[in-house]
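Colleague: For the sequence shown, the residue numbers in the numbering used here are 1137 to 1584.
Note that CB positions come from ideal geometry on N, CA and C, so glycine has one too.
First the structure, then my questions, so here it is.
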Amino acid sequence: MPRRIALFTENLSVKALARLQYVLDWLQSHPLSDASRFVWRLNPTNGAFDVALHYGVHGAVFMPSDADLMTASTSTPNDLICQAFETDSGKVYAVKNHGTRQRNHFFENGTFGFDVFATLFFHLSRREEYQSDAGSQNPHGDFDEEQSLLIRSGIYQQPICDQLAVAFFSALGLNVRERPSTILLSHDIDHLQQWKSPLGALRYLLWVSRRHGNLRAVPRVLRDAWAVWRGQIPDAADTFDWLLSDRSDIEKNIFFPVGGDTVFDRFYPLGQATPVLKKAREKGYRVGLHPSYAAWKEPDIWSRERRKWENWTGEGLRHSRQHFLHFAFPETADILESEQLEVDHSLGYRNHIGFRCGTGFAYHLYNFSAEKPYRWKAQPLALMDVALLREIDFKQHQLVSEWQNFFEKNRSNTCLSLNFHNTFFYEFELQGWPLKDLYLEMFARSPH
Ligand SMILES: [Zn+2]
């Protein structure tokens, strides 16, 4: 018999109630809560419940309600801070307008220290991204992640919503057993050739030398480019022999673009990718679409690419990841809704590794104009190869320790979606960085 949790609330506006229900549903369907173990009873009129939680109304157990945070439509992230609260096993973080100096306990004497629901709503709904203005956008026109509350607070490398869910369940007597984190592997196949011509190789050399501030790549690129043109070795982007993982115990996705004509797209004739598609399927990968840079706000482009992808693969499209993680709130979210997509894999950082949505698990993003969740799910992206490079600010000696720390910190109670391009390993290798070794150690074969 599931535990029945009665939630007593003050009179809530329709908007507040819709948002509260969204968070309650997220908690109940959270992979770390066994969904059958508890059900919510909102303002029950009889005593048929096991635990009572008083949200903003007097009673035991009590949680303060922060209606402003839950329903605000104007407050900018710069007004907000993340404040630490202590639990028996560590810390959780509240989103607040201001901090207090006293020692903060998450749950003490039947009282929660802050509004857990409003904090969860803030992160999961991506309110700060919906409400961002031109001043908080990066050159690509989307939200500048450096201005996000989690990055400003320096707590983006831990899944703070998942941690908060666990602390909340424990406070209510629903003990959560520690579970190893789920790993999802994916690849974006942005292009199939590192250099298409001798001039391309020179351009690449200039670019890579400037990016890393050294000339280390010069002899190797010249030697490799020569050997590629003579047909002696495969192109540096042709890493599929070892990139496509044999592991059968994890979910694997591969995303192909089918078009794109901005300077940020490097599209190839689709037929050239057919052998990779075939090989990925043989290895048990799910195939998805990588919509082009311009598709993010253009439903027509998105649909056209979808049709082309479906013709090429012969399947119905269910999963996608935006190229450049170019995702607009709410335009891209609305396109995914009308396209009836199942899962989008775009919501990760471009320059950091960690949890942009505060959770590693797939969940329904919030549709603010309809005040209800979207039907499709966002599968947050935790680590992308090129973002790892930027996270360590191109400091070679930090690569292995950053990698190890991140996986060690997050070895349990979350989900880690990882993105490795077929093309970036070469750049790491040119600098003598062992990304390929780290990758193969993790993905070459299923652990037994
Ligand atoms: Zn891409």
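Candidates 1252, 1430, 1508 and 1478: which alpha carbon is nearest residue 1277's?
Modeller: Translated into the one-based positions of the sequence shown, residue 1277 becomes position 141. Here the closest residue by C-alpha is 1430.
Colleague: Would you mind giving the Cβ-Cβ distance between residue 1549 and residue 1317, rounded to the nearest angstrom? I have them listed as a contact below 8 Å.
Modeller: Residue 1549 sits at position 413 when you count from the first residue of the sequence shown. Residue 1317 sits at position 181 when you count from the first residue of the sequence shown. Rounded, the Cβ-Cβ distance is 7 Å, consistent with contact.
Colleague: Residues around ligand 1, please: the condition is that the C-beta lies closer than 5 Å to some non-hydrogen atom of it.
Modeller: That gives 1324, 1326 and 1459.
Colleague: Does the beta-carbon distance from residue 1396 to residue 1323 come in below 8 Å?
Modeller: Position 260 of the sequence shown, counted from the start, is the residue given in the question as residue 1396. Position 187 of the sequence shown, counted from the start, is the residue given in the question as residue 1323. No. Outside cutoff.
Colleague: Determine the burial state of residue 1378: buried for a count of at least 16 other Cβ atoms within 10 Å of its Cβ, exposed for fewer.
Modeller: As a first step, residue 1378 is located in the sequence shown; it is residue number 242 there, counting from the start. The residue in question, residue 1378, is exposed, as its Cβ has fewer than 16 Cβ neighbours within 10 Å.
Colleague: Assign residue 1194 to one of two classes, buried (16 or more other C-beta atoms within 10 Å of its C-beta) or exposed (fewer than that).
Modeller: Locating residue 1194 in the sequence shown gives position 58, where the first residue counts as 1. Exposed, by the Cβ-count rule.
Colleague: Taking 8 Å as the threshold, find out whether the region 1147–1159 comes into contact with the region 1252–1261 through three or more Cβ pairs.
Modeller: The region 1147–1159, when compared against the region 1252–1261, does touch it at the 8 Å Cβ threshold.
Colleague: For residue 1191 and residue 1490, I'd like the C-alpha separation in whole angstroms.
Modeller: Locating residue 1191 in the sequence shown gives position 55, counting from the first residue. Locating residue 1490 in the sequence shown gives position 354, counting from the first residue. So the two alpha carbons sit approximately 31 Å from each other.
Colleague: Does residue 1356 come out as helix, strand or coil in the three-state DSSP assignment?
Modeller: Against the sequence shown, residue 1356 aligns to sequence position 220. It is helical.
Colleague: Count the other C-beta atoms from every protein chain shown that fall within 10 angstroms of the C-beta of residue 1291, then say buried if there are 16 or more, exposed otherwise.
Modeller: Start at 1 with the first residue of the sequence shown, and residue 1291 comes out as number 155. By the neighbour-count rule (16 or more Cβ atoms within 10 Å), residue 1291 is buried.
Colleague: For residue 1478 and residue 1351, I'd like the C-alpha separation in whole angstroms.
Modeller: To locate residue 1478, count along the sequence shown from 1; it is residue 342. To locate residue 1351, count along the sequence shown from 1; it is residue 215. If you take the alpha carbons of residue 1478 and residue 1351, they lie about 45 Å apart.
Colleague: Which residue from 1203, 1146 and 1170 puts its Cα closest to that of residue 1315?
Modeller: Sequence index remark: in the sequence shown, residue 1315 carries index 179 (1-based). Checked all of 1203, 1146 and 1170; the closest Cα to residue 1315 is 1170.
Colleague: Would you mind listing the alpha helix (DSSP H) stretches within the region 1212–1267 that are 4+ residues and don't spill past its ends, in chain order?
Modeller: Listed in chain order, they are 1252–1261 and 1263–1266.
Colleague: Which class does residue 1503 belong to by DSSP, given the choice of helix, strand or coil?
Modeller: By 1-based counting over the sequence shown, the position of residue 1503 is 367. Here residue 1503 sits in strand by DSSP.
Colleague: For residue 1510, does the three-state DSSP call read helix, strand or coil?
Modeller: For the purposes of this step, residue 1510 is identified with residue 374 of the sequence shown, where counting begins at 1. Three-state result, residue 1510: strand.
Colleague: Report all residues from its chain with a CB closer than 6 Å to the CB of residue 1465; omit the five preceding and five following residues, and keep chain order.
Modeller: If you number the sequence shown from 1, residue 1465 lands on position 329. Hits under 6 Å: 1265 and 1266.
Colleague: How about residue 1338 and residue 1353: are their beta carbons less than 8 Å apart?
Modeller: Counting from one through the sequence shown, the residue named residue 1338 turns up at place 202. Counting from one through the sequence shown, the residue named residue 1353 turns up at place 217. Not a contact, by the Cβ cut-off of 8 Å.
Colleague: Could you give the distance in angstroms between the alpha-carbon of residue 1275 and the alpha-carbon of residue 1176?
Modeller: Within the sequence shown, numbered from 1, the residue matching residue 1275 stands at position 139. Within the sequence shown, numbered from 1, the residue matching residue 1176 stands at position 40. Distance between the alpha carbons of residue 1275 and residue 1176 is about 44 Å.
Colleague: By how many angstroms is the C-alpha of residue 1188 removed from the C-alpha of residue 1440?
Modeller: By 1-based counting over the sequence shown, the position of residue 1440 is 304. By 1-based counting over the sequence shown, the position of residue 1188 is 52. Distance between the alpha carbons of residue 1440 and residue 1188 is about 52 Å.
Colleague: What would DSSP say about residue 1351, mapped onto helix, strand or coil?
Modeller: For the purposes of this step, residue 1351 is taken as residue 215 along the sequence shown, with counting starting at 1. Looking at residue 1351 - three-state DSSP - the assignment turns out to be coil, as it is neither helix nor strand.
Colleague: If we ignore side chains and look at the alpha-carbon of each, how far apart do residue 1154 and residue 1174 end up?
Modeller: As a working mapping, residue 1154 is identified with position 18 in the sequence shown. As a working mapping, residue 1174 is identified with position 38 in the sequence shown. Approximately 20 Å between the Cα atoms of the pair.
Colleague: Do residue 1231 and residue 1310 have their beta-carbon atoms positioned less than 8 Å apart in this structure?
Modeller: For this step, residue 1310 is matched to residue 174 along the sequence shown. For this step, residue 1231 is matched to residue 95 along the sequence shown. Result no, Cβ atoms of residue 1310 and residue 1231 do not sit closer than 8 Å.
Colleague: With a 10 Å radius around its C-beta and 16 neighbouring C-beta atoms as the bar for buried, classify residue 1583 as buried or exposed.
Modeller: Looking up residue 1583 in the sequence shown gives position 447. Exposed is the call here.
Colleague: Among all the DSSP beta bridges, which residues are the ones paired with residue 1165?
Modeller: Your numbering for residue 1165 matches position 29 in the sequence shown. Partner(s): none; residue 1165 has no beta bridge.
Colleague: In the structure shown, what three-state DSSP assignment does residue 1489 receive?
Modeller: Within the sequence shown, the letter at position 353 stands for residue 1489. DSSP places residue 1489 in coil when its eight states are reduced to three.
Colleague: For a quick check, are the C-beta atoms of residue 1435 and residue 1483 less than 8 Å apart?
Modeller: In the sequence shown, counting from the first residue as 1, residue 1435 sits at position 299. In the sequence shown, counting from the first residue as 1, residue 1483 sits at position 347. Cβ distance not < 8 Å, so residue 1435 and residue 1483 don't count as in contact.
Colleague: Going along the chain, which residues of its own chain have a beta-carbon closer than 6 Å to the beta-carbon of residue 1142, five neighbours each way excluded?
Modeller: Reading the sequence shown from its first residue, position 6 is the one you call residue 1142. Excluding positions up to five away in sequence, the list reads 1177, 1180, 1185 and 1188.
Colleague: Cα separation between residue 1540 and residue 1392?
Modeller: Looking up residue 1540 in the sequence shown gives position 404. Looking up residue 1392 in the sequence shown gives position 256. One C-alpha to the other measures close to 29 Å.
Colleague: Is the beta carbon of residue 1438 closer than 8 Å to that of residue 1475?
Modeller: Here the question's residue 1475 lines up with position 339 in the sequence shown. Here the question's residue 1438 lines up with position 302 in the sequence shown. It is a contact, given that the beta carbons lie within the stated cut-off.
Colleague: Give the range of the alpha helix (DSSP H) segment to which residue 1422 is assigned.
Modeller: Here residue 1422 refers to the residue found at position 286 of the sequence shown. Here residue 1422 belongs to no alpha helix (DSSP H); instead the beta strand (DSSP E) covers 1422–1425.
Colleague: So, at 7 Å on beta carbons, what are the nonlocal neighbours of residue 1261 in its own chain, with the 5 sequence-adjacent residues on each side left out?
Modeller: Here residue 1261 refers to the residue found at position 125 of the sequence shown. Hits under 7 Å: 1502.
Colleague: Could you check which residue in 1216, 1426, 1139 and 1247 has the C-alpha nearest to that of residue 1557?
Modeller: Numbered from its first residue, the sequence shown carries residue 1557 at position 421. Here the closest residue by C-alpha is 1426.
Colleague: Would you tell me roughly how many angstroms separate the C-alpha atoms of residue 1219 and residue 1229, rounded to the nearest one?
Modeller: As a first step, residue 1219 must be located in the sequence shown, where it is residue number 83. As a first step, residue 1229 must be located in the sequence shown, where it is residue number 93. If I take the Cα positions, the gap works out to 5 Å.
Colleague: With DSSP as the reference, identify every bridge partner of residue 1199, one or two as the case may be.
Modeller: Position 63 of the sequence shown, counting from 1, holds the residue named residue 1199. Residue 1199 is bridged to 1191.
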